[in-house]
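Here's the structure we're looking at; comments come further down.
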Amino acid sequence: MGHFPIFWYRTTIIWWPRLLKNLTIFLDNQLAVSVNLRMLFIPMFQDSSVLGRILSLIVRLGRITIGSLIIGLTLAAGCLWFVLWLAITPIFILIWPLDILLQLTKGQSNFTSETKNLIKPSRDIINFKQQLIKNKTAANLLNRLEIAPPTFAGLTTPLTIADWLKLATLETSGPVKPAHLVLAMLKLNQWRYQLALVTSAWLEKMPRWQKTPFLWEAAYIVRPIGGVDRGQIGIPTPTLDRYSLDLTRAAQKHQLAEMIGKGKAVTQLVKILSRKNKHNALIIGEPGSGKTTLVKALAQEIVRGVGAASLRFKRLVSLDTSRLAAGAGSAELAARIEQVLAEIKAAANIILFVDEVHQMAIVNQDQPESSDLFRALEPVLDEGGFLFIGATTTENYKKYLAPNEAFSRLFETVELPEASPGETEQLLEYLAWQREQNEPVLVTRRAISRIVELAGRYFHDRVLPDKAVNLLDEAVAQARKSYCTWKTSFTSGSSVRKRPLKRWPKPSGGHEPSSKIPVNRSPAFYSPVRPGSAKPKPLRLCPRNFSAVLRS
């Protein structure tokens with residue numbers, strides 16, 4: 191019955207209003223009713239002629255009418271459904287005593303159904319441990335911890351199943367899951383317990399990354415209306431489009447990677463761009479600190495719905511100065527720059543981004559486009575003609591921009607410090623999950639920690655998180671290239687040792703790798719990638735992979 195009366199009278203009173211509210215906002219975001227209502231008398235595509243204003247008014251009124259009708263009918267159906275939901279309650283009134291009797295008889299359960307299925311067939315503690323090792327959730331956790339089934343089976347166990355379950359209840363405030371049983375076992379043996387806590391938390395994040403919350407769920411985030419040019423007041427910019435990349439369009443097509451760990455920097459950037467005066471931002475950071483990633487994160491925020499009203503529906507465009515100057519003489523280059531700036535000012539909905547902006551402050555005969563662009567941009571930025579974002583390294587800022595008062599006074603700086611190891615590990619957790627969706631690999635949590643450690647120790651030309659991300663990609667490539675899974679661990683007595691590296695033979699002469707598994711190796715940890723295989727099994731990415739990368 192699932193506590194039928196509590197669900198019917200208490201949960202649904204909260205559930206239904208939340209659903210109707212989120213549904214209304216969602217439909218308005220899709221149909222742009224409120225946007226067209228606010229811009230009812232603003233001509234579309236900046237056509238200020240009488241005919242243009244009349245056509246704009248007709249189109250906006252039509253969109254408002256159709257959108258309002260759809261929203262109204264949807265809400266009416268939702269309210270009617272809610273009334274019927276409460277009205278038929280007397281039909282089920284006899285279920286109440288049955289539900290209460292059932293709950294009193296059964297009692298409150300502290301175990302999930304998955305845990306109960308482990309307990310029921312278990313005859314003794316040894317059989318219970320074997321059932322746990324076969325459990326999919328527990329096996330995944332052990333695999334991420336680089337613990338082979340024979341290793342886990344050899345650990346010290348509680349005296350009885352009841353003792354084990356009692357220890358597992360201390361690992362959670364809710365129902366006991368198979369993962370809590372593994373945690374209790376590792377804590378009892380004082381082995382990899384802290385790593386297991388971190389790994390378990392990581393595994394709990396993965397479903398949230400993969401699944402978007404539904405409208406009726408509490409985790410659903412209500413955001414302001416997002417998108418690009420939803421009010422249809424922009425104009426075409428063919429010259430700008432030829433020499434640039436529209437980041438907001440790429441975000442709409444889900445072509446940009448998710449941003450992790452730069453929320454504060456995005457907020458600071460939004461505040462600067464939302465000002466009435468001096469709203470040009472300059473992002474400063476070491477190579478690899480994530481300057482371009484920050485700009486891409488802003489593009490995603492605009493598409494999803496940014497809090498600052500002045501930035502809604504803007505286009506974030508990255509200008510490629512090399513492409514702008516390609517094959518052009520001085521006169522033609524000046525004409526291109528003038529046309530690009532004219533289109534940006536006329537569109538009135540563009541945020542321009544220029545990477546390596548320090549080049550504009552250098553009088554360089556080999557790159558005249560930079561100086562020409564600076565001379566053309568300076569008066570426009572000074573008068574606040576449009577929103578502008580620049581990016582440069584800390585060294586170049588101190589060397590070229592800070593001494594140039596005419597240039598530096600135009601900007602408000604956003605400094606990006608090097609990411610901490612903890613922030614880098616959070617980013618790698620997400621990226622590792624992404625790699626697993628697209629590559630036949632499985633990344634362990636120890637590998638992530640080791641990647642951050644080795645990246646900080648051996649790479650000095652860039653900073654975190656960039657150098658750690660590069661090392662992760664290299665390790666994934668090395669794992670695929672090796673046609674093997676990597677080391678695991680086993681216990682002998684009270685000591686814990688690591689197995690030596692074993693490889694599958696690479697294919698030669700058109701033959702596949704041998705399918706024979708060495709007798710001293712657990713089959714559960716062998717997952718070769720055979721050429722031509724329809725469904726390649728995942729390779730385990732462990733610290734030995736990227737150690738091999740560093741040696742090569």
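Counting from 1 along the sequence shown, just add 190 to a position and that's the residue number in this note's numbering. Glycine is no exception: its CB is placed at the ideal position from the N, C-alpha and C atoms.
Residue i, buried or exposed, once every other Cβ within 10 Å from all chains shown has been counted against 16
i      : result
Asp562 : buried
Pro368 : buried
Ala352 : exposed
Ser390 : buried
Leu259 : exposed
Pro397 : exposed
Pro339 : buried
His370 : buried
Glu573 : exposed
Glu361 : buried
Leu263 : exposed
Pro207 : exposed
Pro713 : Any reading at Pro713 is ruled out, since the residue's pLDDT is 29, under 50, leaving its predicted position unreliable.
Any non-hydrogen atom of the ligand SAH within 7 Å of residue i CB
i      : result
Phe235 : You won't find the ligand SAH in this model; it holds no ligand whatsoever.
Cut-off 8 Å between Cβ atoms - residues of its own chain near residue i, not counting five sequence neighbours on either side
i      : result
Leu405 : Leu209, Asn212, Leu213 and Phe216
Phe597 : Met550, Ala551, Phe564, Glu568 and Leu591
Ala609 : Gly451, Ser479, Gly480, Leu617, Val653, Leu654 and Pro655
Ile411 : Pro403
Asn325 : Glu304, Leu308 and Pro368
Val388 : Arg635
His701 : Because the pLDDT of His701 is 35, which lies under 50, any placement of that residue in the model is unreliable, and the question is left without a value.
Ile261 : Thr214, Leu217, Asp218, Leu221 and Val223
Sequence-distant residues of its chain with Cβ nearer than 6 Å to residue i (five each side left out)
i      : result
Thr427 : Glu533 and Ala537
Val372 : Ala328 and Leu331
Arg513 : Tyr433
Pro611 : Val642
Val544 : Leu509 and Gly580
Leu571 : Asn470, Phe578 and Leu600
Phe649 : Lys657
Arg250 : Asn226 and Leu230
Thr302 : Pro365 and Lys367
8 Å Cβ cutoff met for residue i and residue j
i      : j      : result
Asn470 : Glu602 : yes
Gly475 : Thr583 : yes
Leu393 : Tyr383 : no
Ile425 : Gln236 : yes
Leu661 : Ala645 : yes
Pro348 : Leu308 : no
Thr614 : Ala566 : no
Arg413 : Arg494 : yes
Ser500 : Ser464 : yes
Val456 : Ala498 : no
Val633 : Arg640 : no
Leu230 : Gly257 : no
Arg334 : Thr429 : no
Gly416 : Asn219 : yes
Pro311 : Gln321 : yes
Trp275 : Thr202 : yes
Glu184 : Lys395 : No statement about residue 184 is possible, as the shown extent of the chain runs from 191 to 742 and does not include it.
Extent of the continuous beta strand (DSSP E) to which residue i belongs
i      : result
Ile540 : Ile540 to Asp545
Ala374 : Not the beta strand (DSSP E): Ala374 falls in the alpha helix (DSSP H), residues Pro368 to Asn379.
Ile579 : Leu577 to Thr582
Gly749 : What is shown of the chain runs 191 to 742, which leaves residue 749 out entirely.
Val631 : Val631 to Val633
Leu355 : From DSSP, Leu355 is part of no beta strand (DSSP E) but of the alpha helix (DSSP H) over Ile351 to Thr359.
Glu602 : Glu602 to Leu606
Asp436 : Ser434 to Asp436
Val507 : Arg505 to Leu509
Close Cβ partners of residue i (< 7 Å) along its chain, the five nearest in sequence each way excluded
i      : result
Ala409 : Pro403
Ile254 : Val223, Asn226 and Leu227
Rounded distance between the beta-carbons of residue j and residue i, thought under 8 Å
i      : j      : result
Ile579 : Val485 : 6 Å
Gly421 : Ile244 : Contact doesn't hold; Cβ gap of about 17 Å is too wide.
Lys504 : Asn539 : 5 Å
Ala374 : Leu357 : 4 Å
Val547 : Ala581 : 6 Å
Val418 : Arg439 : 7 Å
Leu506 : Ala489 : 4 Å
Pro365 : Asn467 : The Cβ separation is near 56 Å, so there is no contact.
Val604 : Gln458 : 5 Å
Short CB-CB distance (under 8 Å) between residue i and chain B
i      : result
Ser500 : Note that chain B does not occur in the displayed structure, where there is just one protein chain.
Residue range of the alpha helix (DSSP H) that includes residue i
i      : result
Leu459 : Gly453 to Leu463
Val223 : Val223 to Arg228
Leu617 : Pro611 to Asn628
Arg494 : Lys481 to Arg494
Glu528 : Ser520 to Ala537
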